[in-house]
Each structure stands twice: as structure tokens, then as C-alpha cells.
Amino acid sequence: MSQALHTASTGINAGQQQINVIANNVANINTTAYKSANMTFETLYSRNLSYGSAATKDGGGTNPKQIGLGVKTAATTRVFTQGVAISTGRQLDIEIEGEGFLQVMKEDGSLAYTRDSCLQVDSLGQLCTNDGLLIQPSVSIPRDATEITITQDGNISVTLPGQTQQSIVGSLQLVKFQNPSGLLSIGHNLYKETQASGNPVQDTPGQNGLGLIQQCMLEGSNVQIVDELVGLIKAERAFESNSKIIKSSSNILQLTNQMG
């Protein structure tokens with residue numbers, strides 16, 4: 551009966567982890583460019599009571615006799631579907647419509663990747679994220695620029711005092727990964743490449759499968775609240791069922807001890 555207790559405990563642990571993932575999705579429903587996560591499970595090893603036998607001329611064979619030992623988390627997969635487009639009217643807000651990430655440099659000099667493209671200009675005129683991480687390749691905006699235009703292919707032009715035509719000051723580049731779900735989330739809407747994601751491939755927006763840039767827009771979260779609530783109900787029922795198994799197993803053990 552102790553095996554039933556252990557098996558049910560793995561189910562409770564898996565259910566709790568699933569609820570944690572759902573809670574994080576719901577908490578980030580208003581986070582810019584947040585990508586929802588799904589949890590998948592797989593069985594643990596089974597205890598073999600017999601390995602089965604082959605059929606003979608005198609009778610049929612037997613199937614293996616196995617008792618499962620529970621469940622474990624297989625993976626947490628991030629879903630990179632497009633989030634809802636939000637119009638902001640702000641010149642430095644951009645939406646990546648399609649595949650791709652902006653590349654930024656962290657404080658330690660390493661690179662990270664983001665789809666949160668609410669951009670700013672720092673005190674030196676450099677284009678950066680809300681957290682002050684510089685966009686790569688770097689782009690500088692003149693201090694006296696009166697209008698900024700960002701085209702769909704990433705070119706950045708500004709209007710300067712005394713000029714009637716805009717001047718190009720730089721361009722945005724996007725990167726993509728063979729397996730974006732393999733990226734490691736490191737907080738602050740940033741991702742880090744891993745062996746699972748593959749190496750980043752940089753190119754111009756709109757080229758080689760990369761998305762286009764939409765100015766004065768932001769990408770919202772792709773969390774579907776109805777799907778999350780349905781998943782929460784399923785997780786709660788699984789959690790409750792495993793709790794009942796533990797309670798029943800404990801009652802049977804108690805009765806067995808009393809009989810002894």
C-alpha cells in the first residue's frame with residue numbers, strides 16, 4: 551500500500567507544478583510580449599511483476615505485468631504564438647509582427663533576446679530597453695530629433711531642425727532561433743540562448759522568415775485566459791483525486807494495523 555502513497559504523491563507534486571505554471575501565465579496576462587508556457591508530463595519507471603512470454607504450439611503467450619510508479623514533469627514548453635497588437639501612438643514603441651527577437655547587451659557584456667520593444671533613448675542618445683539595456687547593433691538618436699520614423703524593415707530615420715527631409719541614423723536587426731521554445735527565460739522579458747534553442751541567426755526584418763516592424767505598436771501577452779482557467783480546473787481535479795488516493799491508502803493501512 552506504501553507504493554500507492556508514493557505514486558499519488560508524484561501526482562500531487564506534478565499537479566502543483568502545473569498550477570504554478572498556470573498561475574505565472576495568468577499573472578503575466580498584461581505583460582508586454584509575454585509568451586505563455588505549457589507543462590507536459592511523462593510516466594516514471596514501472597515495476598515489472600513479469601516480463602511476459604512468447605506463444606507456443608500448446609498455448610498463447612502472456613503480456614507483461616507492470617505497475618506504474620507515478621508521473622514526473624517532462625518539460626515546460628513556451629508557446630511563441632503572436633500576442634495581440636496594441637496601438638500606443640508612441641514613436642519608440644514597436645511590434646515585431648511575426649518571428650524574431652531584438653538583441654540587447656546586458657550589463658556583463660553578454661547578449662540576451664527580447665520581444666518587449668518599448669524602447670527608450672538614454673542620456674547618451676543610445677536606443678535601449680526600459681531597463682537600460684542597449685539594442686544591438688547600437689543605434690544613436692540625435693538629441694534634437696523632432697520626429698522618429700521606423701520602417702517595417704527596421705530603418706530608423708529622424709527629422710532634424712532646419713531640415714525638410716529625414717535622415718537615416720541606423721537600423722534595427724532581428725534574430726531568430728531554430729527552436730525558440732528552447733530559449734531560457736531569465737526575467738525582465740529576456741531570453742538567453744541554450745543548446746536546445748540553437749544559435750541566433752541575425753538578419754533584416756522581413757528577410758528569411760523574420761517578422762516585420764510595426765511602429766507605434768506593442769505586442770501584448772498571448773495568454774488565453776479561458777484556456778488557463780480550463781487548465782486550472784483540470785489540475786485541481788487531478789490534485790483532488792490524488793489526495794483522495796492518499797487518504798484511502800492511509801485508511802487501509804490504519805485498518806491493516808488494527809487487524810494485526
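This note's numbering numbers the first residue of the sequence shown as 551 and each following residue consecutively.
All C-beta atoms, glycine included, are put in the ideal place defined by N, C-alpha and C.
Three-state secondary structure assigned by DSSP to residue i
| i | result |
| --- | --- |
| ALA605 | coil |
| PHE630 | coil |
| ARG787 | helix |
| GLU645 | strand |
| ILE763 | strand |
| SER552 | helix |
Residues near residue i by beta carbon distance below 6 Å, same chain, minus five either side
| i | result |
| --- | --- |
| THR627 | ASN588 and SER731 |
| ALA753 | In the sequence under discussion, the amino acid at residue 753 is Asp, which differs from the Ala named in the question. Result list for ASP753: LEU760, in chain order. |
| LEU733 | TYR741 and SER747 |
| ILE496 | In the structure as shown, the chain begins at 551 and stops at 810. Residue 496 is therefore absent and cannot be evaluated. |
| THR696 | THR709 |
| THR612 | GLY602 and SER603 |
Cut-off 8 Å between Cβ atoms - residues of its own chain near residue i, not counting five sequence neighbours on either side
| i | result |
| --- | --- |
| GLN553 | ARG597, ILE617 and LEU619 |
| ASP643 | SER667, CYS668, LEU669, GLN765, CYS766, MET767 and LEU768 |
| ASN792 | ALA558, SER559, GLY561, ILE562 and GLY565 |
Beta bridge counterpart(s) of residue i as assigned by DSSP
| i | result |
| --- | --- |
| ASN575 | In the DSSP output, where bridge partners are listed per residue, ASN575 has none listed. |
| VAL671 | LEU677 |
| TYR741 | TYR663 and SER735 |
| VAL751 | LYS726 |
| ARG597 | ILE617 |
Beta carbon of residue i nearer than 8 Å to that of residue j
| i | j | result |
| --- | --- | --- |
| ILE775 | ILE572 | no |
| GLY770 | THR582 | yes |
| LEU683 | VAL654 | yes |
| GLN676 | SER660 | no |
| THR629 | ASN772 | Contrary to the premise, residue 629 reads as Val rather than Thr in this sequence. Yes. Within cutoff. |
| GLN702 | LEU652 | no |
| LEU599 | SER799 | no |
| GLY633 | LYS726 | no |
| LEU782 | ILE569 | yes |
| ILE736 | ALA625 | no |
Nonlocal neighbours in the same chain, by C-beta distance under 7 Å from residue i, ignoring five residues either side
| i | result |
| --- | --- |
| ASN705 | ILE718 and SER721 |
| ASN680 | CYS668 and GLN670 |
| ASP672 | CYS678 and GLY682 |
| LYS656 | ALA662 and LEU683 |
heavy atom of the ligand MG below 7 Å from residue i C-beta
| i | result |
| --- | --- |
| ALA558 | Because no ligand of any kind appears in the structure shown, any question about the ligand MG cannot be addressed here. |
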